[in-house]
Amino acid sequence: EALQQSTQVHLACHGKQDPVQPYHSHFVMKDEHLTLLDIMERDIPHAEFAFLFACHTVIGDEKTPDEVIHPATGLQFSGFKSVVGTLWEVVDSVAKHVVEAFYQCMFKPSKE
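The sequence shown lines up with residues 100 to 211 when you count with the working numbering.
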């Protein structure tokens, strides 16, 4: 429900990509897994920006890298105009620093 009402989504959690059944790729939430299919089936009319700080949210299939479905593309298919994901395993001790630096740069006033 929060996805449908928000313009921005920040997911900092564990993620699992399923290369055999890509729509079963998921984010590990407190109560249950949020699958890519769950997200894609929702109407998300206000979707603007998604920050996915979970393991392997942009990794594709090595055999067909141009034809891949992964969590980041799933959010784009759902209507998010901008999606930031990770190509690597996220290390918790580093995550705070990466997220802080990203948002500081993103919301830094422009020098005109």
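By construction, the Cβ of each residue, glycine as well, lies at the ideal position given by its N, Cα and C atoms.
Only counting the same chain, and skipping five residues up and downstream in sequence, which positions put a Cβ closer than 6 Å to that of H132? Position 33 of the sequence shown, counted from the first residue, corresponds to residue 132. Excluding its 5 nearest sequence neighbours in each direction, H132 has C-beta neighbours in its own chain below 6 Å: H125, listed in chain order.
What separation, rounded to the nearest whole angstrom, lies between the Cα atoms of F179 and A146? Numbered from 1 along the sequence shown, position 80 holds the residue referred to as residue 179. Numbered from 1 along the sequence shown, position 47 holds the residue referred to as residue 146. Rounded to whole angstroms, F179 to A146 spans 5 Å at the Cα level.
Comparing C-alpha positions only, which one of G114, P144 and H109 sits nearest to L135? Here the question's residue 135 lines up with position 36 in the sequence shown. Residue G114 is the option with its Cα nearest to L135.
Which complete beta strand (DSSP E) runs does the region 162-194 hold, if anything under 3 residues is left out? 181-183
Candidates F148, L102, K210 and A153: which alpha carbon is nearest V187's? By 1-based counting over the sequence shown, the position of residue 187 is 88. For clarity, residue 187 is Trp in the given sequence; the question names Val instead. Closest in alpha carbon position to W187, among F148, L102, K210 and A153, is A153.
Which residues share a DSSP beta bridge with T134? Sequence index remark: in the sequence shown, residue 134 carries index 35 (1-based). Paired residues: H125.
Helix, strand or coil at A111 [DSSP, three-state]: As a first step, residue 111 is located in the sequence shown; it is residue number 12 there, counting from the start. If DSSP states are grouped into helix, strand and coil, A111 belongs with the strands.
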